[in-house]
Structure formats: structure tokens, C-alpha cells
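2 protein chains.
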Amino acid sequence: MVDEELIRLKFSQQSSSEIYQPLDYILGIGGKRLRPVMTLAVCEAFGGNVEEALRPALGFEMFHNFTLIHDDIMDNATLRRGQPTVHHKWNVNMGILSGDMMLIKAYELISSAKPDKLTPLLTVFNHIATAVCEGQQLDMDYENAESISKSDYLHMIEYKTGVLLGGALQAGAIMGGAKTEDTERLYRFGCKIGAAFQIMDDWLDTFGDPNKTGKRIGGDILERKKTFLMVKAYELSSPKQRNTLNTIYANESDDTEKVNAVMALFDALHISEVTKTEIQQQYTEALEELSSLPISKEALAFFHSFAAYLIQREA
Amino acid sequence: MVDEELIRLKFSQQSSSEIYQPLDYILGIGGKRLRPVMTLAVCEAFGGNVEEALRPALGFEMFHNFTLIHDDIMDNATLRRGQPTVHHKWNVNMGILSGDMMLIKAYELISSAKPDKLTPLLTVFNHIATAVCEGQQLDMDYENAESISKSDYLHMIEYKTGVLLGGALQAGAIMGGAKTEDTERLYRFGCKIGAAFQIMDDWLDTFGDPNKTGKRIGGDILERKKTFLMVKAYELSSPKQRNTLNTIYANESDDTEKVNAVMALFDALHISEVTKTEIQQQYTEALEELSSLPISKEALAFFHSFAAYLIQREA
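The listed protein sequences derive, respectively, from chains A and B. For the first sequence, our numbering gives the first residue as 1, with consecutive numbering after it. For the second sequence, our numbering gives the first residue as 1001, with consecutive numbering after it.
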């Protein structure tokens, strides 16, 4: 349903303005459509009308893609899903403007909800949109920090990743006619499983199989990104080890040497296991939020397997 | 009321995130607040609750300021209202992100409308937001063109300036409980008076008193902007005059020479008078839209004087 509706939406067929081409482009180069699928799944689990929820659900996919376009400009990224980023394929101005348009289209899709659901839906959407921007700001602030605390890290990924998934789930519950407390449970489930998802992303970048992830091993290490792995490495290392870590980055050694040195430290500190434990904990806490929901066993099983997929995936 | 509510809104007092500082900054360096004031005036003219309309009205001011932040990046502008632009004061990434946040805050303010007005209000807002982005795209497309037609120009300024004023007025009418056809009349009034306003802006840049406008005479001429003046100059010039115009820009003459040469051509073609005539025509057409509205004589007189102010101002 999501993919069919996205084809029907095709913006550049509705207008000759060039501004719509990047929108179709980024929607066309893949993506798991996690958010709208979850909106619809939750709506259905609560007995709501999935057809009615479809366009608002796509609003979450649009919002996600808007953040990709603008984040890629801010991060100077040239590749996204193995393809040129929008600002790299066109130019920065087109990236800014098409991202703006995509954010507007996200709101337009949300606006198509039935009037009686519109205010609660917009409350959720405005909240998550605000949080995602605040999260991106934190990300930029932390770039220049030597290290950040685990709680800073969790706060950042909650804002950057968790709330959007949480919001998509909560929106589905609202459109399914769920009670407020149940919509909030789904929001918290989404935030926690979103955090687990992000930490898994960090793990895959360093410990994943590059043949499956399609990413070069140690990309995050070379960029000295504030991943969960790095945050824990700083937290767990002795003063001497921390010194080693700083020296690795201070020296102009080649990339392979750098990655190997950091990996050796990660191994010494059991970072892989520590990370897996954290993922498992976020996952367990996430599942607890689902335990009291008035949904069928089948629906519950679906959300469990969805959660398991997010943290067991290999790519 | 608008200014008081803007002070109450002060974003950076509500959050420690740095991302809010540019929002307060751009709102603090001036601006005529035309759009929210007009939303409220129309709401009042139709007997609506002005208090209730206040936050949605501010949504239009936020949207306007969002476009300023992002347009200034795209135009590489360093000054706005005599002060450093946001991306110049901070950096481009902060400009992108704070503009995004401002667009979200615009929607948040619109979302605060009563549920029964929300769907029509969002329909207007989504429409104008889309049009403004399409207008900015046209502006960028036209930058590389030697000249554009009058109808291209009018289309661009309708999208870049007219629809936002039109939308602010229409929103006021919706919140005042006006009939659909009256809300549409106010939209068309806004579009036309917005166009007249923009053409007046073009006129002031070249023929205005620099002591009053605070702008250097001929700024638009030097940048070879597609102003109404330039569009008409191309339209009215003989092949020989057009050749002269192209030669002026092809040559590496100094700024004063360039401005004087173009001004001489404008004089020969009576561009100042032609422009004033166009403004007068847009103004007359705009006023016609008001003639059948069910509002008091006082309210009508207010909108007339507002329209007159927009096209008679000296700065």
C-alpha cells in the first residue's frame, strides 16, 4: 500500500516545476518505509481504517526523507543509499529548497487526516519535528566535543531517531482510535526500539559484514563519530587507554592503522558485547510497553517480530 | 498584539538548545509584521475572535521569516534589514536548521487553531507554502535567463510574494467565519496588492530616495535582477536598445557607469512611469475584490489605506 501510494503521489508528474524532481529521486532510491508501515500496522491493530491512515502515514516517510536531504547537506555527504545525495546530484540550493518542499508535503499529507483526528495528530507531528531538529543541533554540537556521556548520546539518538518512529506509531494508534495512554505506550515503544535500532546501526558500522551492510568497515571510526561504541570506549577506558585513543586521532597515521588501533582498544574493552547488552536492554524495555495493549495476539506477535528485525538485522 | 505575543513566544527562553537563537534574532531585527496584522484585521472585520486568531496569524510571520533565512542562504546575502543574515552571523548549517525549525514553528502556530477551522486553514497554508517554494525555484531558474516575459515575472512575484499575503488575509477571513467566496476574494486581494507591493519594491530600488530606503541606488541593476523595470525595458526596447543593454552587462565597466547607462535607457523608455502605471492597475484590481465584502465602512477604509500604504511608501 505504501509503495503504491508513493507511485500515485509522484510529484513531478503533477507539476512541471523542477523542484519536485529531487523529491521523487530520493523516494525512488530505496528505503525500508519502516515508519509508514508501522503507522498502518498500529492503526489496523486497533481496528482503524487503514485507507484513511495511508496519506498521514506517508507524511512520516516524507518527513524522514526531508531530514535526509538537509542532513546530507549539513554533513557534506555525497552518497545516500549508494546513490548521489540530492545536493551532490543537483546543488546545495536545490537541496535546501527541495528539502523545504518535502517538509511542506509531509505536513500536507498529515493535514489530509479526518478533522476529528487532526489536532492530536498535528500535536504529535509538531512535537517530533521539533525534537528531530533539536537532535540534529545536538549532533552538530557534539561534533566538536572530544567525547560525550552515555546520557548525552542516548538523548541525541532519542531525538534524532527514536521520536520519529515513536511518533509514527503513536499516529497510527490515534488514527486507530486508541485510548490516549495506549497511544503514549506506542510512542515510548517506538522511542526505545528506535534507540536500539540506532545503536545497532553503530554496531554494524564497525562489527558488521561489509558485504551485507554495503559500508566500509570503520567509517564511523575514521570520522570520529560519537557512536555508542566510542562513547562507551571513553567511559570504560583507563586514563592510559584514553590517552592512547586521543593519540590515535592526533597522529597522521593512515586509515587502516587508525581503524585497527581503535578496534584493538574496542576489543580490549569488550565494546561489542557491551553494545549488544545495551541493545538487548532497550529492546526488553521497548517490549514491556506493548504488554498491556488491547490488541490481538497476532498483532502483538507482529510488533515483536518487527522489533526483533530492527535489532537482529545484518544490514 | 502581534509584538506582545512575539515577545511571549521567545523561543530561546523555552529551551537551552542553540537552535532557537536565530529564530529570536531574525524576529528581533525588525519587519513590518504586515501578514499577521492583516490576518487579525480581516478576522476582526468579519466579527471573529481576534485572540483566537493570534497564534495562527503569527504562523504567517514565522513562515515569512523562514523564507528569509533560507532565501538569504540561496542568494548568498550577507545583510538583511541592515543586520547580518543568519547564515552569515552563525553559519550555513545553522541557517538551514534554524530555517527548518522556523517552518515547523509556523505549522505549530497554525495548528493551534480551533479544530473546526483547522482543515480549511491548513489547506490555505499548505497551498501558499507550496507556491512560495515553487516561486523561489522560478527565481533561481530565471537568474540565468537573459530576460523573462512580463507574464513570467508576474507569475514569479505572485508566487514569491502575493500568495503569502493572500493566504494571511484568507486565513483571517476563515477565522472570522466568512463565507468561502469572501475568503477567496480576500485571497485575490492579497495576491494583487502583494504584486503591487513587490513592483513598488523594484521601483524603490532604482528610483527611490536612498536616504529613506537605506539601499544603495541601482543595487538591482548591478545584480541584473529580473525586476519589473528590467523586464519592461527588454520588452519595450528596440533591437538596437536591447543590444546596448546587453553590451552594458558584457563590458567590464565600473559600477557607477553601468548604473548610469541602464538608468539612461530606463529614462528613454519611460520605465518609471510604465512601472507606476502597472502598480496603479494592480492596486485598482485589488480594491475591486473588496467592493462586495460584507464588512463595515470603517473596515473597508482600513483595507483601502493599508493598500495605499503598500504602494505609496517611500521605504
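Note that CB positions come from ideal geometry on N, CA and C, so glycine has one too. None of the values given here were measured: they were computed from a predicted structure.
Cross-chain neighbours of residue i in chain B, by beta carbon under 9 Å
i                      : result
residue 271 of chain A : Here the premise fails: no neighbours, minimum Cβ distance about 30 Å.
residue 101 of chain A : 1129, 1130, 1133, 1134 and 1137
Per-residue burial, residue i [other beta carbons within 10 Å of its own, 16 or more giving buried]
i                       : result
residue 1239 of chain B : exposed
residue 1058 of chain B : buried
residue 284 of chain A  : exposed
residue 1106 of chain B : buried
residue 115 of chain A  : exposed
residue 98 of chain A   : buried
residue 211 of chain A  : exposed
residue 1081 of chain B : exposed
residue 8 of chain A    : exposed
residue 1198 of chain B : buried
residue 1181 of chain B : exposed
residue 1297 of chain B : exposed
residue 1158 of chain B : buried
residue 1091 of chain B : exposed
residue 250 of chain A  : exposed
residue 1129 of chain B : buried
residue 264 of chain A  : exposed
residue 1150 of chain B : exposed
beta-carbon residue i near the ligand GDP non-hydrogen atom, thresh 8 Å
i                       : result
residue 1046 of chain B : For the structure depicted, the ligand GDP is absent and the ligand set is empty, with no information on it obtainable.
Close Cβ partners of residue i (< 6 Å) along its chain, the five nearest in sequence each way excluded
i                       : result
residue 204 of chain A  : 213
residue 299 of chain A  : 45
residue 1202 of chain B : 1227, 1228 and 1229
residue 295 of chain A  : 45
residue 311 of chain A  : 196, 200, 279 and 283
residue 166 of chain A  : 187, 190 and 191
residue 1236 of chain B : 1269
residue 88 of chain A   : 78
residue 120 of chain A  : 174
residue 113 of chain A  : 56 and 121
residue 1011 of chain B : 1020, 1023 and 1024
residue 1063 of chain B : 1106
residue 315 of chain A  : 212 and 213
Spatial neighbours of residue i in its chain, beta-carbon cut-off 8 Å, leaving aside the 5 residues before and after
i                       : result
residue 39 of chain A   : 53, 56, 57, 60, 168, 169, 171, 172 and 175
residue 255 of chain A  : 218 and 222
residue 216 of chain A  : 210
residue 1041 of chain B : 1172, 1299, 1302, 1303 and 1306
residue 1266 of chain B : 1206, 1229, 1233 and 1272
residue 1074 of chain B : 1136 and 1140
residue 289 of chain A  : 185, 186, 188, 189 and 192
Closer than 7 Å at the beta carbon, the chain A residues around residue i
i                       : result
residue 1093 of chain B : 74 and 140
residue 1108 of chain B : 126
Contact list for residue i against chain B, beta-carbon separation under 8 Å
i                      : result
residue 187 of chain A : Those within 8 Å of residue 187 of chain A in chain B number zero; the least Cβ separation is about 18 Å.
residue 111 of chain A : 1119, 1122, 1123 and 1126
residue 104 of chain A : 1103, 1126, 1129, 1130 and 1133
Residues that residue i contacts on chain B, provided the C-beta gap is smaller than 7 Å
i                     : result
residue 70 of chain A : 1096 and 1100
Other residues of its chain near residue i: CB distance less than 7 Å, five sequence neighbours each side excluded
i                       : result
residue 1027 of chain B : 1006 and 1065
residue 248 of chain A  : 258, 261 and 262
residue 156 of chain A  : 135, 138, 139 and 142
residue 37 of chain A   : 2
residue 1122 of chain B : 1110
residue 1178 of chain B : 1046
residue 287 of chain A  : 304 and 307
residue 1154 of chain B : 1195
Beta-carbon neighbours of residue i, restricted to chain A and to distances below 9 Å
i                       : result
residue 1295 of chain B : Correct list: empty, because the minimum Cβ distance to chain A is about 27 Å.
Chain A contact residues for residue i, given Cβ-Cβ distances below 8 Å
i                       : result
residue 1056 of chain B : What residue 1056 of chain B touches in chain A: nothing, since even the nearest Cβ is about 12 Å away.
residue 1115 of chain B : 115, 116, 118 and 119
is_contact[residue i, chain E] using C-beta, thresh 9 Å
i                     : result
residue 45 of chain A : The question asks about chain E, but that chain is absent: this structure's protein chains are A and B.
Selection of the region 147-174 of chain A by Cβ proximity to chain B, strictly under 8 Å: none
Contact set between the region 1002-1033 of chain B and chain A, restricted to residues whose Cβ is under 8 Å from the partner: 1015, 1017, 1018 and 1019
Minimum length 4: unbroken alpha helix (DSSP H) runs contained in the region 45-109 of chain A: 50-74 and 86-89
Secondary structure, alpha helix (DSSP H): runs of 4+ residues fully inside the region 1214-1249 of chain B: 1219-1222 and 1228-1236
Complete runs of the beta strand (DSSP E) confined to the region 1110-1134 of chain B [at least 3 residues]: none
Runs of beta strand (DSSP E) lying entirely within the region 1189-1216 of chain B, each at least 3 residues, in chain order: none
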